[in-house]
Amino acid sequence: MPAYEAEMASFKGLNAQVLGISIDHVPTLTAWAESLGGIHYPLLSDFWPHAEVIKLYEVLREEGHSERAIFLIDKAGILRWSKIYDMDEQPDNREVLAEIRRIDPQASAAFPEVKPENVDLPHGGIIMYCTPYCLACRKAATWLDERQLEYNRIDVYQVPGAIDQVRAWADGHLVTPTFDIDGTIIVDFKVDELAALLGVEP
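Counting from 12, one number per residue, gives the positions in the sequence shown under the numbering used here.
Next comes the structure, spelled out in structure tokens:
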């Protein structure tokens, strides 16, 4: 869900309203949103009656949790597109935005897609590719700071080409943190691998 916050300008530009729905109760959702520094779209609790909305969309798991799913509903209230993701898979905003453009050509024409022509990513030293909401990125930053290691932290949503590069390294997935350490790539916060490469204690 925080990924939508990071690209809210694109969703607004396409006249799309983001809604998040969770089976957690309101205090839990409030605390979660505050931990991210706040979000700017409605986050709805489907806690009681328990998971009624999620049941209607047929994405309730047997253990009582919901699937990670996205539904696109047009202005007439018609479901136009949906996809269920693996629980450990981060949905691709580009895929969702492309579907919104397909569903609403008029909004797409009014908000042209801008693609960077030249990609100039940093090289050398410790480069950590992150997202603003990534808890593992925060842990990795603390780990590096505790070992007094200098690093360059890249927000993949702010640097053109960064998302594509991370996906290329991570078999098509947006996995953060991903490290480029003098050309050696480590996907995810793998402490033992990082320690061995950097010559420090785990």
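All C-beta atoms in this analysis are idealised placements derived from N, C-alpha and C, irrespective of residue type, glycine included.
Collapsed DSSP secondary structure at residue i in the structure displayed
i: K150; result: helix
i: M19; result: helix
i: K94; result: strand
i: A215; result: Past the edges of the chain, shown from 12 to 213, lies residue 215, and the structure says nothing about it.
i: R178; result: helix
i: N26; result: coil
i: R164; result: strand
i: D191; result: strand
i: L185; result: coil
i: I34; result: coil
i: V198; result: strand
i: L54; result: strand
i: L208; result: helix
i: L47; result: coil
Alpha carbon of residue i to alpha carbon of residue j, nearest angstrom
i: H36; j: G210; result: 45 angstroms
i: K23; j: G183; result: 26 angstroms
i: T153; j: G31; result: 30 angstroms
i: Y68; j: T41; result: 24 angstroms
i: A120; j: R113; result: 11 angstroms
i: F190; j: I197; result: 5 angstroms
i: N70; j: E161; result: Here the sequence assigns Val to residue 70, which means Asn is not the residue at that position. So the two alpha carbons sit approximately 44 angstroms from each other.
i: A206; j: E212; result: 6 angstroms
i: D57; j: I34; result: 5 angstroms
i: E124; j: R149; result: 31 angstroms
i: H134; j: Y144; result: 24 angstroms
i: V107; j: G75; result: 26 angstroms
i: P102; j: K201; result: 22 angstroms
i: K94; j: I81; result: 5 angstroms
i: T39; j: S46; result: 11 angstroms
i: N163; j: E16; result: 23 angstroms
i: E78; j: H61; result: 15 angstroms
i: M98; j: A109; result: 22 angstroms
i: L132; j: L83; result: 33 angstroms
i: L155; j: P13; result: 24 angstroms
Residues near residue i by beta carbon distance below 6 angstroms, same chain, minus five either side
i: A118; result: L25, N26
8 angstroms CB neighbourhood of residue i in its chain, flanking five on each side removed
i: M19; result: V29, H51, Y52
i: V167; result: Y140, C141, T142, A173, I174, V177, L185, T187
i: D203; result: P213
i: D85; result: R91, I114, D115
i: I165; result: L132, P133, I138, M139, Y140, C141, A173
Close beta carbons around residue i, own chain, < 7 angstroms, minus the five adjacent residues each side
i: M44; result: Residue identity differs from the one stated: residue 44 is Ala in this sequence, not Met. The residues are I50, L54.
i: F122; result: G24, L25
i: A181; result: T189, V198
i: R158; result: V211
Please list the segments of the beta strand (DSSP E) lying wholly inside the region 107 to 133, counting only runs of 3 or more residues, in order along the chain. none
Looking at C-beta atoms only, is the number of pairs between the region 49 to 63 and the region 130 to 142 that lie closer than 8 angstroms three or more? no
Give a yes or no on contact between the region 54 to 66 and the region 89 to 97, applying the rule of three or more CB pairs nearer than 8 angstroms. no
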